[in-house]
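Here is the structure we will look at.
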Amino acid sequence: MKSSADVQGIDDCRVRLVNPERVASVNARMPGEDDIVDTADVFGLLGDPRRLKLLVALLDGELCVCDLAAITGLSESATSHALRLLRAHRVVSVRRDGRNAFYRLDDAHVRMLVDLAVAHTEHTDAIHPERSES
């Protein structure tokens, strides 16, 4: 496994040379600033292990708050709060049946994002310089 010292310097640009065609091409397909901010917000939501655990649980289909709280070990109040945030950003959606609310992933894009993120971490050994034991 590589240490943070092994990867130090990889991010340095050894030769300062800008490729104008490549920069123009990337800029042409770059989403608008509002879309970038909204996407960063979604990743921020996914960056919380408790919320991510809720989303992974929803990969199997819709569940009510009680079930999600039992699966994740969160209180029902904390679960509801997390689901409200995820719903506000259209990451999950809700279906009401009488007094019960059943949550599910909002669409196939969210499912794909969660599936890919979990698959990525399951087959890689991440280097965490911020977690170094120095």
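Counting in full-length UniProt numbering, the sequence shown runs from 1 upward without gaps. Idealized CB from N, CA, C, for every residue including glycine.
If you draw a straight line from the C-alpha of residue i to the C-alpha of residue j, how long is it?
i	j	result
residue 49	residue 36	22 Å
residue 54	residue 68	7 Å
residue 27	residue 71	43 Å
residue 115	residue 104	14 Å
residue 62	residue 102	6 Å
residue 40	residue 113	13 Å
residue 75	residue 65	9 Å
residue 18	residue 93	44 Å
residue 140	residue 46	Any property of residue 140 remains undetermined from this structure, which presents the chain solely from 1 to 134.
residue 223	residue 99	There is no way to answer for residue 223, as the model of the chain reaches only from 1 to 134.
residue 73	residue 20	52 Å
residue 110	residue 90	9 Å
residue 84	residue 127	33 Å
residue 106	residue 131	33 Å
Around the Cβ of residue i, are there at least 16 other Cβ atoms within 10 angstroms (buried) or fewer (exposed)?
i	result
residue 1	Because the pLDDT at residue 1 is just 48, under 50, the model does not fix this residue reliably, and the value given afterwards should be weighed accordingly. Exposed, since its Cβ has fewer than 16 Cβ neighbours within 10 Å.
residue 59	exposed
residue 118	exposed
residue 15	exposed
residue 51	buried
query = Quick check: the stretch 25-32 against the stretch 62-82, are there 3 or more CB pairs under 8 Å?
reply = These segments do not touch.
request  = Could you tell me which uninterrupted beta strand (DSSP E) segments, each at least 3 residues in length, are contained entirely in the UniProt domain "HTH arsR-type" (31-125), listed from first to last along the chain?
outcome  = Entirely contained in the UniProt domain "HTH arsR-type" (31-125), the beta strand (DSSP E) runs reaching 3 residues are, in chain order, 92-97, 100-105.
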